[in-house]
DNA sequence: TCTGGGGTCCTAGGACCC
DNA sequence: TCTGGGGTCCTAGGACCC
């Protein structure tokens, strides 16, 4: 059944073009027109590419050492500057939210907008949004509009792929034959929710394009694949079945992990790193007003190095659940000590907080533990967070997280741009 | 030499219950 | 020889996303 256009459901997806690269260009305009990539943490691999970099044949996720020779052809690389990207994202999302009452921020550079009830055409709204973001922030975007989130994503993909659309593609406002043609032009692996594992399996069933998937029987898809694939097909057929999330739910797990800049062998270094990661995770936990009931700590050697591999991991209960940095660190360090093996070259470690629950929820006491209720209003943590908010991150730390500036576990970030919008002493200098 | 980090959802299978 | 039926909960692993 075809619902498209028959109801007022109209969803827009606004997406930044090569978002991280675009942010770098905002603070360094001379990068415009140059092949530019942004590297992952540790300067490991490419996580964002400008069009010019794509034209050089650089793939998403390409390891830096394997593309580094392209510097001689003008390639510029930047270390990931998430303080900058996060701040630019906040600004962009605020602008987008001014165009309609219901907004869902989907990722750092993507936002859904409910256009239901608005009287302007999709083209008018889409171009207005693009113009505002370009003028106020200097960021390029594309807008896709459809009767479901999946169709809006697909429309956005078309807007990015075909320059003739001038950045806006409205699938709600075209004839059904043209819409079918657009879906037929989209390979099935470009559909949101269909990844590299599912695509070959779908093709084996003669489903090659988005149109093929839209015309498949959801019940058959459900039994052959999963309910997710069936829902995707329904969405492509114009039936909006994915939930709308105006208010983001609190995270159900909080992970903080890093690959190390250099291999780590000493237990002391590992304990420092884990203290640091645990502090970060605890800050995130408190920011969303939650307690953790379980903590997992892990460390491992590098998959890419020959020789014997080692990985250790411990899952530890927090009784009672807690959001205190000092308590979480004590538990994490005890877990790590138990798994640590001398002589191993550790390449990565991390901490994951699980069994996350709201601070003010009904609390299930442990029959065999001292009756100490979780204390969300702990004044030590409150003071810690406030001081760090006011005087800068890590002004106050737990002592076990203190480290030298040349600690081996610190990330390599050799090509970092300034945090030009969030840090007073890194503001851009303008000479007149 | 050098290969990221942080999430979500779904499913199958096992343990356990009556 | 013959060995129920129906349910819940948990977990690990797989798939996806940016």
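Numbering (this note's numbering), first residue to last: 412 to 843. Backbone N, C-alpha and C fix where the C-beta goes; we use that ideal spot for every residue, glycine too. Given the structure is predicted, the values throughout are model-derived calculations rather than measurements.
Please check the pair residue i and residue j, which I expect to be a contact at CB under 8 angstroms, by giving their CB distance rounded to whole angstroms.
i	j	result
residue 709	residue 648	Contact flag wrong, Cβ pair sits at about 43 angstroms.
residue 579	residue 570	6 angstroms
residue 704	residue 766	3 angstroms
residue 600	residue 607	7 angstroms
residue 629	residue 641	4 angstroms
residue 799	residue 806	5 angstroms
residue 603	residue 639	That belief does not hold up - the Cβ atoms of residue 603 and residue 639 are roughly 11 angstroms apart, past 8 angstroms.
At what residues does the beta strand (DSSP E) containing residue i begin and finish?
i	result
residue 766	757-769
residue 561	Here residue 561 belongs to no beta strand (DSSP E); instead the alpha helix (DSSP H) covers 560-572.
residue 457	457-460
residue 554	552-557
residue 426	422-427
residue 898	For the chain, the structure presents residues 412 to 843; residue 898 sits outside this window and is missing.
residue 448	447-450
In angstroms, rounded to a whole number, what distance separates the CA positions of residue i and residue j?
i	j	result
residue 521	residue 697	26 angstroms
residue 415	residue 474	Residue placement at residue 415 is flagged as unreliable, the pLDDT there being 42, under the threshold of 50; a coordinate-derived value is accordingly withheld.
residue 467	residue 485	10 angstroms
residue 557	residue 652	13 angstroms
residue 731	residue 744	18 angstroms
residue 814	residue 706	23 angstroms
residue 460	residue 493	16 angstroms
residue 682	residue 465	40 angstroms
residue 545	residue 503	10 angstroms
residue 839	residue 501	19 angstroms
residue 752	residue 685	15 angstroms
residue 519	residue 551	14 angstroms
residue 821	residue 457	19 angstroms
residue 769	residue 725	24 angstroms
residue 445	residue 529	39 angstroms
residue 573	residue 567	10 angstroms
residue 542	residue 509	13 angstroms
residue 835	residue 828	14 angstroms
residue 514	residue 483	44 angstroms
residue 632	residue 463	39 angstroms
residue 429	residue 748	42 angstroms
residue 487	residue 586	43 angstroms
residue 646	residue 804	43 angstroms
residue 413	residue 613	Unreliable positioning characterises residue 413 in this predicted model, as indicated by a pLDDT of 40, which lies under 50. The coordinate reading is nonetheless provided below. Roughly 22 angstroms between the two C-alpha positions.
residue 610	residue 656	27 angstroms
residue 588	residue 650	18 angstroms
residue 540	residue 554	8 angstroms
residue 729	residue 665	15 angstroms
residue 667	residue 575	42 angstroms
residue 809	residue 595	57 angstroms
Measure from the alpha carbon of residue i to the alpha carbon of each residue in the options, then state which is nearest.
i	options	result
residue 623	598, 611, 771, 544	598
residue 723	798, 742, 746	746
residue 479	663, 721, 448	448
residue 877	824, 838, 500	Outside the displayed range of the chain (412 to 843) lies residue 877, so it cannot be described from this structure.
residue 419	451, 430, 527	527
residue 507	497, 496, 498, 524	524
residue 495	472, 619, 586, 432	432
residue 750	457, 727, 793	727
residue 688	644, 811, 725	811
residue 737	692, 758, 714, 519	692
residue 581	600, 609, 607, 538	538
residue 833	476, 584, 498	498
residue 531	718, 542, 511	511
residue 564	424, 715, 609	424
residue 754	711, 764, 836, 733	711
residue 678	438, 818, 442, 535	818
residue 758	800, 793, 714, 764	714
residue 455	666, 673, 618	673
residue 535	547, 516, 577, 561	577
residue 471	450, 489, 554	450
residue 756	771, 741, 720	720
residue 701	742, 427, 481, 663	663
residue 900	690, 476, 635	What the structure shows of the chain is the stretch from 412 to 843, and residue 900 is not part of that stretch, so it cannot be assessed.
residue 434	469, 490, 421	490
From which residue to which residue does the alpha helix (DSSP H) around residue i run?
i	result
residue 747	736-750
residue 798	790-802
residue 728	First-last for residue 728: 722-733, but that is the beta strand (DSSP E), not the alpha helix (DSSP H).
residue 839	Careful: residue 839 lies outside any alpha helix (DSSP H) and carries neither H nor E.
residue 478	475-478
residue 436	430-438
Every unbroken beta strand (DSSP E) inside the region 490-529 [3 residues or more]: 514-518, 521-525
For the region 654-703, which segments carrying the beta strand (DSSP E) assignment without a break, of at least 3 residues, lie completely within its bounds, in sequence order? 665-675
Can you give, in chain order, each stretch of the beta strand (DSSP E) that sits fully within the region 562-639 and has at least 3 residues? 579-581
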